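Undergrad:
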Amino acid sequence: MKYNFNEIEAKWQKYWRENKTFKAENNSDKPKYYVLDMFPYPSGAGLHVGHPLGYIASDIYSRFKRHQGFNVLHPMGYDSFGLPAEQYAIQTGQHPAITTEANITRYREQLDKIGFSFDWSREVRTSNPDYYKWTQWIFIQLFNSWYNVDADRAEDIARLISAFEVAGNAQVNAVCDDDVAVFTAAEWNEYTWEEKQSILLKYRLTYLAETEVNWCPALGTVLANDEIVNGVSERGGHPVVRKKMMQWSMRITAYAQRLLDGLDRLDWPQPLKESQTNWIGRSKGASVKFKIDGHDEFIEVFTTRPDTIFGVTFMTLAPELELVKAITTAEQKEAVESYIEATAKRSERDRMADVKTISGAFTGAYAIHPFTEEKIPIWIGDYVLASYGTGAVMAVPCGDQRDHDFANHFNIPIKNIFEGVDITEEAFADKDNTKIANSDFITGLGFKEATQLVIERLEAMGQGEGKINYRLRDAVFSRQRYWGEPFPVYYKNGIPQMIEAEHLPIRLPEVEKYLPTETGEPPLGNANVWAWDTDKNEVVSNDLIDNETVFPLELNTMPGWAGSSWYFNRYMDAINENEFASQEALNYWKDVDLYIGGSEHATGHLLYSRFWQKFLFDRELLPVDEYAKKLINQGMILGTSAFVYRVEGENKFVSKGLKNNYKVQAIHADVSFVNASDELDVEAFKNWRPEFKDAEFVYEEDKYLVGREVEKMSKSKYNVVNPDDICEEYGADTLRLYEMFLGPLEQAKPWNTAGITGVAGFLKKLWRLYFDDNGLVVTDNEPSKESLKTLHKTIKKATEDVANFSFNTSVSGFMIAVNELTAHKCHERAILEPLAILISPYAPHIAEELWASLGHAESISTAKWPEFDEKHLVESSKEYPVSFNGKMRFKKELPLDLTKEEIEKVIMADERTQKQLNGRTPKKVIVVPGKIINIVG
RNA sequence: GCUCGAGUGGUGGAAUUGGUAGACACGUUGGACUUAAAAUCCAAUGAACAGUAAUGUUCGUGCGGGUUCAAGUCCCGCCUCGAGUACCA
């Protein structure tokens, strides 16, 4: 019987579907295990061989855990809101929902062909109203919460309101906007409803605020940083300006410290944890208030070096700061204004790219040094960022290189406050070797003591305090797009109001155009039926807006990360209509045991989702505050592009080896035209495009050879390899094994089908242990000692390798096992039955077929994992490598029960030893029993 | 610039606590089967030198040092590539 993979794979995929083999139960006596993949965005291009790499690894792990007796949750779904579908809608008018549906269907077909053990009954799609209903619901929970710093957790906003009613806000320790005024209980109770609402908005965990965005007037839309190239829009090349817009933000900064602390408890890759740590960017220092000469305002700065306060010779403010206009003197007005204007025109990219140019302007105003009371000039400069800290720095040119450069450029004095350090050429920033000089009460002290003392004095004066600052900023949550979750928000006198949870979901309205409106409003501004009727509790026509009972709805939609920030919890109870997930399900599954995905999500999805998890935990909606115990990053699979060489100005192509004789252009050829030896199928290439039809080809040794280069796998580079084609030609089991065999899971690696025949051959060889041309050849005979040894060696290796996620080495292990068993002519059931189980997580279709052929009626998927027995591996002798001065010269088989002395005696007596020594007497003989013998001398 | 990761045959890669470098696979070469090809099977295959050969010697894990009986593995100093990040006060 031949191994017919197409037939076998179709058969078992059908079986699994019909028998719901991989459906996970929410009640089970078995221990739970939750294996999660980062869900994909269903793009129009379909899957290529790079996508399934992580899915194959997680599938192997899931299947392994099932063999070990776990109740495994292994779900899949789609992050189905997103820009490409919207872009396509703008171009074609096709509703994004239709495009998305078609893409999902294609993804599903492709995924099914690879034989994944997903529980599809739990599929989620972020663009499905049954799902985004709960995304909207979580948004409402965030709106109705504030962060109590004393309790270090989020609490119901109602508690904050009662606190205000009783004692005002002076005693409240909350994370909130900076500009909250102090009020008493009496004042609070006197405020109008609107006043109360606008104060509460400064405390809510999601809030409206003016945020700077990249606005492109010509496109009428906001652009992401990577949609801007050289200060103009990538599409169309229109100018982009920075503009303030009222947008929803998430108060993620309230969780900065907990997000940082939580990392210690997570088994995540170190580089990923580090990038989150850097992103959060905690720094310890002090905030210092400087009085401004002749003004009532203060300049508040954050500094990590309070010990250098006597080295301050100027202040620098970010040009965007409101304060700048207020303090600028008449003489400096013109210079300052033109500088501010120039800065506004420069995009953040420009400012970033151009670090060398030093620019700034003097405001004419002076700050007063808190200790010396000296007058310090106040400058503005675009090296100070409005969005970090307070947007102001106390400039210490002797201790900070940027301040040093700025001072030199504008001839501002530099004061040296370090003992024994020359600062004429560059600043001295070494905290550890600092000894402060010329600094009044801290002269002679080191960094630590001086810092401590300065903070104490500032606190006593009411002009500063110790402070911890974070780089992390609150996350903007509004998008001026169509294809995203609508906010459950309407506006009453400009005050945002949440729609009651029972009326969710608020469905995306139909629009005629997916572009922004002519007045520059987001696409939802095109909807005619987009108003909220507070009597009927439904979405009604805009004509009915009276601002009495019918109000306009929010026009922005939520960003891509909204739906992906909690989907892993939804999988636990995916079709619950009454809750985002039941407490029973949440308490049973609790968290993800293994999460596999790309490292590109390190500071986006993986940070936001931890934030939401902690928030929902605080509000007692979830049992744990970190959702993924272990995370693994899979490496990218790269494409191997193929190039042909066209002689410039001619329709003539020369083979790779001849290209240096001509002036040629390299042109991408589709990799499907090229075989494993880099030979081009010239006919196929000619038929590819009309302009190649009559091309001339110059061969070397009767062949046309292409050049190869490793690049990112992409449609535009014609190096995409489709998994369907591989499944068709070699089978899904071969694809799965080969993707694992390519190398370590975490490493990036080029895709090259050259080696796939080796894996395909392995499966054929495996099959032949069970079948010959006439049928099953498995016997119930006693297996040989050698075969038992092979089996148990393989059990050990397979079990260890899966535990270490070293799937490439386990595949080699299987190859070795099959090679050995073939050599032993092994056909015994006692060997072949456990072998099928070992291989089943990797090549599940063939394993099911072999299992069924051995007479089992049940699927192999829950068969018990074979147990390793040491006794089959016990050896009585060892072939010792014998080294001379560390170089292995020969081997000698010796019994393992010999003592060191006995081994030495036998080895010294060996004639090969004497030959090596050539008459010399060894200085030393090292014997490590069971390992090695080394003779020195 | 900073942070992290990685450099091993023609190729993908393996190597436990420092203990036989190159497992496994591809490719290549030779052979068997075949009218032929494909498929399959068998053998050889890090490099250099010597030898008809068995075999032997030397070199060899990015580079230069060091520790050790023994280093791909540990330590010090570099180089190259990749990823992330960026005027963070």
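Here my numbering is used: the first residue of the first sequence is 42, the next is one more, and so on. Every residue gets a Cβ at the ideal spot worked out from N, C-alpha and C, and that includes glycine. Since we're looking at a predicted model, the values are computed, not measured.
#1: Drop a sphere of 10 angstroms on the beta-carbon of residue 764, count the other beta-carbons inside from all chains shown, and report buried for 16 or more, exposed for fewer.
#2: In the stretch 75-135, which residue ranges form an unbroken beta strand (DSSP E) of at least 3 residues, counting only runs that do not cross its ends?
#3: Please go through the stretch 705-758 and give each complete alpha helix (DSSP H) segment of 4 or more residues, from N-terminal end onward.
#4: Do the stretch 316-325 and the stretch 638-649 meet, that is, are 3 or more Cβ pairs less than 8 Å apart?
#5: Taking the alpha helix (DSSP H) that residue 874 falls in, what are its first and last residues?
#6: Buried or exposed, going by whether 16 or more other CB atoms sit within 10 Å of the CB of residue 524?
#7: Once you ignore the five residues that flank residue 573 on each side, which residues in its own chain have a CB closer than 6 Å to its CB?
#8: Indicate whether the contact test is met: 3 or more Cβ pairs, each with one atom in the stretch 149-167 and one in the stretch 51-67, closer than 8 Å.
#9: Pick out whichever of 456, 921 and 330 has its Cα sitting closest to the Cα of residue 468.
#10: Please state the DSSP three-state secondary structure of residue 283.
#11: Per the contact definition of three or more C-beta pairs closer than 8 Å, is the stretch 121-138 in contact with the stretch 811-826?
#12: May I ask you to report which of helix, strand or coil DSSP gives residue 288?
#13: Mapping DSSP to helix, strand and coil, what is residue 141?
#14: Rounded to whole angstroms, what's the CA-CA distance from residue 440 to residue 355? Just pull it up for me.
#15: Can you find the residues in the same chain that come closer than 8 Å, C-beta to C-beta, to residue 835, ignoring five residues on each side of it along the sequence?
#16: Can you grab the Cα-Cα spacing for the pair residue 673 / residue 648, in whole Å?
#17: What does the Cβ neighbour count give for residue 208, buried or exposed, with the cut at 16 atoms within 10 Å?
#18: Using only alpha-carbon positions, find the residue among 526, 43, 577 and 149 that is nearest to residue 543.
#19: For residue 187, which beta-bridge partners are listed by DSSP?
#20: Going by Cα to Cα distance, which pick from 638, 619, 610 and 618 is closest to residue 630?
#21: Quick check: what's the CA-CA separation for residue 187 versus residue 47?
#22: Can you tell me which of the three DSSP states residue 527 falls into?
#23: Candidates 56, 68, 95 and 57: which alpha carbon is nearest residue 635's?
#24: Given a cut-off of 7 Å on the beta-carbon distance, is the pair residue 732 and residue 698 in contact?
#25: Considering just the uninterrupted stretch of the beta strand (DSSP E) at residue 506, what are its terminal residues?
#26: Of the choices 206, 232 and 243, whose alpha-carbon is the least far from that of residue 26?
#27: Would the stretch 474-484 count as touching the stretch 368-378 if we require 3 or more Cβ pairs under 8 Å?
#28: Going by beta carbon distance, what residues of the same chain come within less than 7 Å of residue 596, once the five residues before and after it are set aside?
#29: Can you give the Cα-Cα distance for residue 679 and residue 751, rounded to whole angstroms?
#30: Using DSSP with H/G/I as helix, E/B as strand and the rest coil, what is residue 773?
#31: From the DSSP output, in three-state form, read off residue 766 for me.
#32: Measuring only the C-alpha atoms, how far is residue 944 from residue 927?
#33: Over what stretch of residues does the beta strand (DSSP E) that includes residue 375 continue unbroken?
#34: Out of curiosity, what's the CA-to-CA distance linking residue 364 and residue 483?
#35: When DSSP labels each residue in this structure, what does residue 319 get in the three-state scheme?
#36: Residue 866 to residue 800, Cα distance in whole Å?
TA: Taking the definition as stated:
#1: buried
#2: 112-114
#3: Assignment of alpha helix (DSSP H) within the stretch 705-758, counting only whole runs of 4 or more residues, yields 723-727 in chain order.
#4: yes
#5: 870-880 is the extent of the alpha helix (DSSP H) around residue 874.
#6: buried
#7: 531, 592 and 594
#8: yes
#9: Minimum Cα-Cα distance from residue 468 among the listed residues 456, 921 and 330 corresponds to 456.
#10: strand
#11: no
#12: Correct three-state label for residue 288: strand.
#13: helix
#14: 13 Å
#15: 854, 855, 857, 858, 876 and 879
#16: Their Cα atoms are separated by approximately 15 Å.
#17: exposed
#18: Checked all of 526, 43, 577 and 149; the closest Cα to residue 543 is 577.
#19: Bridge partners of residue 187: 196 and 245.
#20: 610
#21: 58 Å
#22: strand
#23: 95
#24: no
#25: 505-511
#26: Summary: the structure shown does not reach residue 26, with the chain confined to residues 42 through 978, and so no result is reported for it.
#27: no
#28: 562, 563, 565 and 566
#29: 7 Å
#30: helix
#31: helix
#32: 18 Å
#33: Here residue 375 belongs to no beta strand (DSSP E); instead the alpha helix (DSSP H) covers 374-386.
#34: 32 Å
#35: helix
#36: 21 Å
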